[in-house]
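Residue numbers (our numbering), protein chains in the order written: chain A, 1 to 150; chain B, 1 to 91. Some notes on the structure that comes next.
Set out below in structure tokens:
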């Protein structure tokens, strides 16, 4: 299961809308506890696939290292990634699967149609190695933010 | 020196996010890592013994594939190696 709060969920979807018609991408930081990936923050990353940004994304390793380092300093791990599918369903593609290597992490995809975010789905990359990996549909729990007390 | 282990590989490093090794070169550091945690080896290297194409290893902010001396690059205790699987995809 993937758990995230409303603010993070909205930020992921808004990023997809802002990047349209190109794919957006980012990193989900938080904790993985008993098979549940709990997201505390979503960090935007640049899409370095400028040659084909409408249907491809890639995060530069240097940027990922930096985000990972900053996450560790805040006590958070990389628990997943997100990207958008402009004018395409929120389902993983063959390319998504071939390029997925972070076993145990959540891959969140938001479909963006004509600039407006539609479905957001998550897929858990299961398996113990590159040879037996698989994507599984993953439940997404969005928690409402508690109202601030006066 | 420190070697930073990414989330998916920690199951093979006794759940440690950082492994400390004594080494004078990048190659020695990676050898020390897989000697300490042998299960990591097949996840980092192909059967031919080369780094898997999707596994990136950075010495501080430099990809070791592009360092002039590659595995023979000298390291000190202040350096950090980051193992970082690639992240990409698309519809």
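Every residue, glycine too, gets a C-beta built ideally from N, C-alpha and C.
Query                                                                                                                 : Result
Reduced DSSP secondary structure (H/G/I, E/B, other) of residue 35/B                                                  : helix
Proximal chain A residues relative to residue 135/B, where beta-carbon distance stays under 8 angstroms               : Only positions 1 to 91 of chain B appear in the structure, and residue 135/B is not among them; the question remains open.
Ranges of the alpha helix (DSSP H) found wholly within the region 61–110 of chain A, counting only runs of at least 4 : 61–73 and 94–98
Residue 56/A: contacting residues in chain B (beta-carbon distance under 9 angstroms)                                 : 88, 89, 90 and 91
Buried or exposed (CB count within 10 angstroms, at least 16 for buried), residue 116/A                               : exposed
CB contact flag (residue 49/A, residue 57/A, <7 angstroms)                                                            : yes
Neighbour flag for residue 31/A against chain B, beta carbons, 7 angstroms                                            : no
CB contact flag (residue 84/B, residue 103/A, <7 angstroms)                                                           : no
Minimum Cβ-Cβ distance from residue 82/B to chain A less than 7 angstroms                                             : yes
C-alpha gap between residue 134/A and residue 97/A, whole angstroms                                                   : 8 angstroms
Spatial distance of residue 17/A from residue 58/B (CA atoms)                                                         : 33 angstroms
Which of helix, strand or coil DSSP assigns to residue 42/B                                                           : helix
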